[in-house]
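Offset between the sequence shown (1-based) and the numbering used here: plus 329. All C-beta atoms in this analysis are idealised placements derived from N, C-alpha and C, irrespective of residue type, glycine included. Quick notes on the structure that follows.
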Amino acid sequence: MQTFAVEQMVGKLDGYLDRERISHQSASGILIANGWWKHRAWDFPPKPGLVTAYVGAHFALSESAIRGFKDHFVESAPVGCRDLATLELMKSVGVPCYLSNCLTLGLKRWLAQVENGPVLAVDVPKGTKLPEGCQLLSHHGPMSSHPVHMRPLTISRLEAYQAASLVVTSRLHVALPCLAFGTPLMFVVPQPDDPRLGCLKELIPFIDVSEGLPDQGIRLSVQTRDELRKAASSHLSFAVKEAEARFAKLGSRSRLARSNTTKCDTFHSPRIFGVGPAKSGTHSLAAMFGNPVRSEHESRADKLIPLILKKLTGEYDAGQLKRFLLKTTQVRLLDVDSSQLNFFVLEELLESFSGARFVLTMRDCYSWLDSFINDSLRRDVNANWLRLREARFRPDLFPLEGNDDELLANYGLYSLRGYLTYWEHHYRHVLETVPADKLLVVRTSDLTDRAMEIADFAELPRWAVKLEECHQFKNPTKHGVLAKLSREHVDAVVTECCPSMKAYFPEIASMKDVKL
Numbered sequence: 330m331q332t333f334a335v336e337q338m339v340g341k342l343d344g345y346l347d348r349e350r351i352s353h354q355s356a357s358g359i360l361i362a363n364g365w366w367k368h369r370a371w372d373f374p375p376k377p378g379l380v381t382a383y384v385g386a387h388f389a390l391s392e393s394a395i396r397g398f399k400d401h402f403v404e405s406a407p408v409g410c411r412d413l414a415t416l417e418l419m420k421s422v423g424v425p426c427y428l429s430n431c432l433t434l435g436l437k438r439w440l441a442q443v444e445n446g447p448v449l450a451v452d453v454p455k456g457t458k459l460p461e462g463c464q465l466l467s468h469h470g471p472m473s474s475h476p477v478h479m480r481p482l483t484i485s486r487l488e489a490y491q492a493a494s495l496v497v498t499s500r501l502h503v504a505l506p507c508l509a510f511g512t513p514l515m516f517v518v519p520q521p522d523d524p525r526l527g528c529l530k531e532l533i534p535f536i537d538v539s540e541g542l543p544d545q546g547i548r549l550s551v552q553t554r555d556e557l558r559k560a561a562s563s564h565l566s567f568a569v570k571e572a573e574a575r576f577a578k579l580g581s582r583s584r585l586a587r588s589n590t591t592k593c594d595t596f597h598s599p600r601i602f603g604v605g606p607a608k609s610g611t612h613s614l615a616a617m618f619g620n621p622v623r624s625e626h627e628s629r630a631d632k633l634i635p636l637i638l639k640k641l642t643g644e645y646d647a648g649q650l651k652r653f654l655l656k657t658t659q660v661r662l663l664d665v666d667s668s669q670l671n672f673f674v675l676e677e678l679l680e681s682f683s684g685a686r687f688v689l690t691m692r693d694c695y696s697w698l699d700s701f702i703n704d705s706l707r708r709d710v711n712a713n714w715l716r717l718r719e720a721r722f723r724p725d726l727f728p729l730e731g732n733d734d735e736l737l738a739n740y741g742l743y744s745l746r747g748y749l750t751y752w753e754h755h756y757r758h759v760l761e762t763v764p765a766d767k768l769l770v771v772r773t774s775d776l777t778d779r780a781m782e783i784a785d786f787a788e789l790p791r792w793a794v795k796l797e798e799c800h801q802f803k804n805p806t807k808h809g810v811l812a813k814l815s816r817e818h819v820d821a822v823v824t825e826c827c828p829s830m831k832a833y834f835p836e837i838a839s840m841k842d843v844k845l
């Protein structure tokens, strides 16, 4: 949650370090050290190669431990303290410090405010009498706390808090985002003297469970939320600049990565977009990278497809589509965004993310069509996906004709010309639209062999490549529909509709050269 708040404000970071093993991790750069510190005093401070920017930090270490690390804190000063208890602790040992509050107060909502959303109870104490119809939710996550693993859950929870009409909770890092989002809040406190809660005491009243819940929650004014957000951003910016100045004295270059997009410096930009068609390896491209690379396949497809359909039907709002793409990158903070849908927003991606690169996964038209048909028969899709299929395979332009198309129609499929014309159009459009220096073309069958080349092209770490994941989402069932068609007819339609086959798959002269 707190890492997400940092990245929403500064953009993409180069990586993450484990707080509980901080003195055993070798790295060189600026460490933004916010949040709660820390269980193990014997694994502290960070190694000398790191210049630490403490901001929004709470220390649970004893005064004697803090005194023992005074030289480190003075070198890292001023220390931005999350609460008054930490502020007094630092002052007591002579460390320059200031009150920065928690950076989650700087979170910006990305969903519209609603008044009739659900009432959520998040980890409330036993015995709390909750409003009728209240939905129970937990803020607990999986054992792994790496931001890459936690990000989907983090986003899900933050979106739930934004959509709620009221949140009742005892969790500090549920309460703070709700205050930042303007979501009405009831903060139930089992331990009001907990020093971590100092950053809340000046903002909202604490509720004693034994006295029951009030009639309505607390919602900070827009002015107060704006002031808190600006303060959080200002504190973080100040801490980073101070750390950059100290780091510069070491004679090294800062490794705090900013957004690559030139359109808006506060937005993160993916390193690569996968722009191949469905069943060409886009899923594998997203799966082939592990920590710390962040990747997703068909990210937010349910929200993107309606915008694509508007574009294809002439109801085009370029501003709305670009805003959606930028907001998605801000929320997801992906390094690899791989999706068949990226083809339909190719021009917008090129314009909005000038620093990004593109990977086109290319599969021969025979095995592609066989796989696409198998996938179509394997699962049902919703109405928007069906509309998108019709927009791709154009039954209005390529009606069913002849015995082969009649067989396809019996399976609820489109015409042979419709499928193969789309295959050619997809590849030709990407090849003609994306500048050659930003495009890497990779055969689907070569994804494993060229995995390191893809990592180098995207400027992602080779050690994050998971070779065993380079071929994902294989069809579990093969229906053999394409093999039932006349080879001669299929070859004739390929010759007519897919001239790129000769250029990119010269070894395939006909369907008999492909193992289906």
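- Shown here for residue 839: same chain residues with a beta carbon closer than 6 Å to its own, the five before and five after excluded, namely 820 in chain order.
- By the beta-carbon neighbour count (other beta carbons within 10 angstroms, threshold 16), residue 608 is buried.
- Three or more pairs of CB atoms, one per stretch, sit closer than 8 Å, so the stretch 371-390 contacts the stretch 562-575.
- Secondary structure note for residue 459: it is in no alpha helix (DSSP H), with a DSSP letter that is neither H nor E.
- Per DSSP, residue 569 is one residue of the alpha helix (DSSP H) stretching across 551-578.
- Comparing C-alpha distances from residue 517 to each of 528, 546, 506 shows the shortest one belongs to 546.
- Per DSSP, the continuous alpha helix (DSSP H) segment holding residue 508 begins and ends at 501-510.
- Residue 565 is a Cβ neighbour of residue 432, given a cutoff of 8 Å.
- Assigned with DSSP and collapsed to three states, residue 682 falls in coil, not helix or strand.
- Contact between the stretch 500-520 and the stretch 542-561 is established, with three or more Cβ pairs separated by less than 8 Å.
- Burial state of residue 731 is exposed, judged by a 10 Å Cβ sphere holding fewer than 16 other Cβ atoms.
- The criterion of a C-beta distance shorter than 8 Å is not satisfied by residue 663 and residue 723.
- Per DSSP, residue 792 lies in no beta strand (DSSP E) segment and is marked neither H nor E.
- In the structure shown, residue 624 falls within a strand segment according to DSSP collapsed to helix, strand and coil.
- Within the DSSP secondary-structure output, residue 365 pairs in a beta bridge with 387.
- Excluding its 5 nearest sequence neighbours in each direction, residue 788 has C-beta neighbours in its own chain below 8 Å: 600, listed in chain order.
- Closest in alpha carbon position to residue 685, among 769, 832, 652, is 769.
- Excluding sequence positions up to five before and after residue 480, its CB lies within less than 8 Å of the CB of 333, 623, 661, 662, all in the same chain and listed in chain order.
- A distance of 8 Å or more separates the beta carbons of residue 483 and residue 496.
- Secondary structure of residue 490 (DSSP, three-state): helix.
- Between the stretch 522-535 and the stretch 350-359 there are fewer than three C-beta pairs closer than 8 Å, too few to call the two in contact.
- Residue 366 and residue 394 have their C-alpha atoms spaced approximately 12 Å apart.
- With a 10 Å radius around the Cβ and a threshold of 16 neighbouring Cβ atoms, residue 612 comes out buried.
- Proximity of the stretch 819-835 to the stretch 739-758 meets the contact definition, three or more beta-carbon pairs being nearer than 8 Å.
- Around the C-beta of residue 456, fewer than 16 other C-beta atoms lie within 10 Å, and the residue is accordingly described as exposed.
- Counting C-beta atoms within 10 angstroms of its own C-beta, residue 757 has fewer than 16 neighbours from the protein chains shown and is therefore classed as exposed.
- The beta-carbon distance between residue 713 and residue 638, rounded to whole angstroms, is 7 Å. This is short enough to meet the 8 Å contact definition.
- Secondary structure in the stretch 682-769: the alpha helix (DSSP H) runs of 4 residues or longer, each lying completely within the stretch, are 694-707, 712-722, 731-739, 745-762 in chain order.
- DSSP, reduced to helix, strand and coil, places residue 669 within a helical segment of the structure shown.
- Residue environment analysis places residue 461 among the exposed positions, since fewer than 16 neighbouring C-beta atoms fall within 10 angstroms of its C-beta.
- Annotated three-state conformation of residue 833 is helix, per DSSP.
- In this structure, the CA atom of residue 560 is about 33 Å from the CA atom of residue 463.
- Looking from the CA of residue 680, the closest CA among 542, 767, 442, 539 belongs to 767.
- In the structure shown, residue 810 falls within a coil segment according to DSSP collapsed to helix, strand and coil.
- The alpha-carbon separation between residue 537 and residue 706 amounts to approximately 57 Å.
- Residue 464: not part of any alpha helix (DSSP H); member of the beta strand (DSSP E) spanning 464-466, first to last residue.
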